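Start counting the sequence shown at 1; every next residue gets the next number (the numbering used here). From the three backbone atoms N, C-alpha and C, an ideal C-beta is built for every residue, glycine too. Just so we're clear, the structure is a prediction, and the values are computed from it rather than from any experiment. Accompanying notes for the structure given below.
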Amino acid sequence: MNRIIVCSLLVSVLPAAAGFAGNNLAGNNLVRARSTFPSSNNRPQSNLAESLQEGVEFQPESNPKPYDNSALNRRDAIGQAYRSSAAIAASSALLFANPTISNADIEGVATIPQSTAPPEAKSSKEDGKSVTVFKTKSGLQYIEIIEGTGSTPAYGNLVAISYKAYIKLPNIKGKQSKLDEFDNDKAYLVKHGNGRTVPGLDEALHTMKVGGKRRVIVPPKLGYISGGLGPIPVGPYGRYKLNTLLDKMVEVKGGNFIFDVEMKSIIEDEADQGYYGDESISPDDFNTLRQNLEGEQQIAREAKAKAAQLE
């Protein structure tokens, strides 16, 4: 808290000291900053911003008066700095006492399709060549280019991959559509199973082996179904291209995401808290968990009712 006050004093005193020095140019700049500062009536303000603005002496005016150097003396400057720092300190204390809720762990998370059933295999032609296409219960398809010889990742592992990402629109009026690349990365690190990756890609990674290569064909329902899912292009042009292609998919009501993926390595996350697992919970364990949760909720309701009676 002392550091906040000291920094606020320095920030507030320096501009005021510049005006006190008698420089008309500096004084005019102070008036210009004062008259153009947006008021709380012109735009919505957060509670913190409103609290800070209430403690600042310089308030916006519709008709600011000409600047007078004699109106700002050293005592006024120090007083202004003290009031500003006090407001910042009080607002900071309020912020720490009532922190805002972070939605980082509940927004932009996608459920990964999980199935123990083996994928269906059928022959198909890709670029004029006969290949075997595997299809899972979720609708994901992939072509095994190189199987790999290493281990497969477990949920919670860090997985390093390289990839090229495309969108292939459906053929329109007999016109053959081509793969349109929108992103690529030679060293992409992902936390496998955390729900922050495109669900279809994450599902495909789960059965890949280190050193393996796949072409993963992701239907729209397993693609960018929520904000915050990756991978997404780093640069603005790549993101613009991705958004444009997504709009085209909506317009033609079809298309697929295609990822050419190579699994480089699997790293065990030492900071993993054990929230991930490959095995589904059994019905008996699920019922026990449900009963425990319902019991805790009932106890909480009874305690709340007793507290209300005592009031």
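By the neighbour-count criterion, in which a residue is buried when 16 or more other Cβ atoms sit within 10 angstroms of its Cβ, E302 is exposed. The alpha-carbon of E181 is positioned some 4 Å away from that of Y166.
Within a 10 Å sphere around the beta-carbon of V109 sit fewer than 16 other beta-carbons, which makes this residue exposed.
The beta carbon of R214 sits closer than 7 Å to those of Y142, I143, E144, I145, A204, M208 and V261, all from its chain and outside the five residues before and after it, given in chain order. DSSP lists S123 as the bridge partner or partners of T132. By the CB criterion at 9 Å, S130 and V210 fall outside the cutoff. Boundaries for V190: no alpha helix (DSSP H) harbours it, while the beta strand (DSSP E) harbouring it runs D180 to K191, taken from the DSSP string. Taking a 10 Å sphere around the C-beta of P153, we find 16 or more other C-beta atoms and assign the residue as buried. The C-beta distance from Y188 to Y224 rounds to 16 Å, too long to meet the 8 Å contact threshold. Burial state of G174 is exposed, judged by a 10 Å Cβ sphere holding fewer than 16 other Cβ atoms. In the three-state reduction of the DSSP assignment, N243 falls in the helix class. Within 10 angstroms of the beta-carbon of F286 lie fewer than 16 other beta-carbons, which makes it exposed. Linking G228 to K306 through their CA atoms gives a straight-line distance of about 43 Å. As the crow flies, the alpha-carbon of K304 is around 24 Å from that of T288. Taken atom to atom, the span from the alpha-carbon of N243 to that of L169 is near 14 Å.
Distance from the CA atom of V190 to the CA atom of Q309, rounded to whole angstroms, is 52 Å. For L140, the secondary structure class from DSSP, reduced to helix, strand or coil, is coil. CA-to-CA, the gap between H192 and E311 works out to about 50 Å.
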